[in-house]
Amino acid sequence: MNFIPKRSGNSQIPLFAIILLLVEFVRGAALVSFLPLYGTNTLGLTLDVVGAAITAHYLTDTVLKMGIGYLLDRFSIRLVVLVGLLASLAGILLLPLAHTPWVFISAAALYGVGISPIWIVCLTGVKEDKRATQMGTLYTIWLGGLGAGPIVCNIVLDYSNRAAYLMLLVSILAALALALFISGRNNTADVQHVPLREQLPVLKERIHALRLLLPGMVLQTAVAGMLVTVLPTFVTDKLALSGAQYSLLLAAGGVLTLSGLMPFGKLSDKLSHHRRWFLVTGFFAVAATLYALASTDSFAVCIALAALLGFSYAAVLPAWNALLAAFVPPSQKGLGWGMLSTVEGIGAMIGPVVGGVIATWRGEPFVVWLSALLFGIIGLCYCFLPLAEASSSRTKLSR
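Below is the structure:
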């Protein structure tokens, strides 16, 4: 499956996939497990500080996405990816010194620098005629790393914080070492190197066409960010789960997500005129599952709900990405995907700190209930949102 531009060579495809896997493995381990549990249990920080750290991570990731997309259109992939991974390594190295909130937050922010390059490299190489199918595969790689990180980290944390930290460090070092083998040639051959002053009006038109989707883009990533902050302490405190049991819960959701991405991606390509209903059904299912999860204390029921949650998420992702893809200028893929990722990242910045503050005020279960309500509202909005108007606008821009 060709995700990477042809000029990078077929031999580069597995290399990018492995680097993406490692980077997301560390991100998942750090954000979902290590930072919340290490920050609260070992460092004695409150959930609002943990939420601020996760927000800082997404802040750097989001702010840099536009600039990195621009750089990837002009400089070699290897240079941009290496610089980002070096910053991420600095963030991991800073964690043992994070005894005060500002150092803890700074470490999380630095790791965010290394996420954008490799992800946007993959996005720019997806073929438009099979985008949902290929994005299903790409999301499988992404979620495979993101899901495996906290699963493995939770098990290791049961034995040693130090071992969990070393696992993060070795993983990012491995990604950095692999990045040295990336081709030194420039990015995609079909990218036109248009001056930024000429690109901005085009991007402004794309954002205007995208205006109907902007609120949902921000809200759905914000709600997901709220959950990232509270989920580890929610399952350990309310459900009294061990690290291994929490890992099993994550695995149930992760396996169903991964198994559903490619089939749903292919189905979304075949039913491209009905993508709205993938979003509506998926978000309603996510809302119902989260509400049920906050209302039960049975581990067996939680496992079943986690599996349903993963399957619902798999229905949403490929269709959502395919919907966004038409708003990316073909000759400015790096900058275009950087723009869209920046918009989505705004929600990811807001969500964790809001989730942390609400959890400190009302408790973790309240955040899960609120998240269920918001996902339900998102699904309801997609029932009535005039996506045909957005489709018409994007068609005009493509001419």
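Numbering (our numbering), first residue to last: 8 to 406. We put the CB at the ideal spot given by N, CA and C, even for glycine.
Proximity to residue i [Cα-Cα], best of the options
i, options, result
"L187", "A171, A247, Y118, S83", "S83"
"W149", "G91, A63, D304, L29", "L29"
"S167", "S95, D244, L44", "L44"
"V88", "G154, P21, A184", "A184"
"V360", "A231, L27, L173, A301", "A231"
"P103", "C309, L93, G46", "G46"
"T42", "L92, T240, L145", "Contrary to the premise, residue 42 reads as Leu rather than Thr in this sequence. With distances taken between Cα atoms, L42 lies closest to T240."
CA-to-CA distance, residue j to residue i, given in whole angstroms
i, j, result
"R369", "F23", "42 Å"
"P325", "V110", "37 Å"
"T195", "V90", "Reliability of the predicted coordinates at T195 is poor, the pLDDT of 48 falling under 50, and the value obtained from them is presented with this limitation in mind. Rounded to the nearest angstrom, the two C-alpha atoms are 19 Å apart."
"L377", "L54", "17 Å"
"L387", "L380", "11 Å"
"D390", "W284", "With the sequence shown as reference, residue 390 is identified as Cys, and Asp is not the correct amino acid for it. Roughly 8 Å between the two C-alpha positions."
"G25", "V375", "It should be pointed out that residue 25 corresponds to Ile in this sequence rather than to Gly. One C-alpha to the other measures close to 33 Å."
"A251", "D165", "8 Å"
"S48", "G151", "The sequence given here places Asn at residue 48; Ser does not occur at that position. Cα-Cα distance, rounded: 27 Å."
"L101", "L50", "14 Å"
"A299", "A311", "11 Å"
"E371", "C129", "35 Å"
"P12", "S190", "No answer about P12 holds up, because its pLDDT of 42 lies below 50 and its placement is not dependable."
"L173", "A247", "26 Å"
"V262", "L286", "20 Å"
"G362", "F306", "24 Å"
"K245", "R85", "45 Å"
"L278", "R81", "36 Å"
"L392", "L265", "28 Å"
"L92", "R169", "22 Å"
"F291", "A94", "39 Å"
"P21", "K273", "22 Å"
"H280", "S249", "45 Å"
"V163", "A229", "29 Å"
Same chain, Cβ closer than 7 Å to residue i, five either side skipped, listed in chain order
i, result
"F373", "I365"
"R282", "S275, A326, A329, L330"
"P108", "L52, V56"
"M356", "T62, Y65, L66, T69"
"C309", "L246, L256, L300, T303"
Cβ-Cβ distance between residue i and residue j below 8 Å
i, j, result
"G358", "S319", "no"
"I112", "A171", "no"
"M269", "T147", "yes"
"L257", "I158", "yes"
"L66", "A97", "no"
"A322", "F271", "yes"
"L63", "A115", "Looking at the sequence shown, residue 63 is not Leu but Ala. Yes, the pair counts as a contact, with Cβ atoms nearer than the cut-off."
"T69", "I384", "no"
"E351", "L153", "no"
6 Å CB neighbourhood of residue i in its chain, flanking five on each side removed
i, result
"Y253", "N161, V242"
"L220", "none"
"V33", "L175, S178, I179"
"A105", "F111, A114"
"G260", "A313, L316, G317"
"A301", "P372, V375, W376"
"G267", "F318, A321"
"A155", "F32"
Chain C within 8 Å of residue i, Cβ atoms only
i, result
"T264", "Absence of chain C from the displayed structure is noted, only one protein chain being present."
Answer yes if the segment 220 to 233 comes into contact with the segment 115 to 122, meaning at least three C-beta pairs across the two stretches below 8 Å, and no otherwise. no
For the 8 Å Cβ check, are there 3 or more pairs between the segment 232 to 243 and the segment 21 to 40? yes
Determine, using beta-carbon pairs with one atom in the segment 313 to 321 and one in the segment 290 to 302, whether at least three such pairs fall under 8 Å. yes
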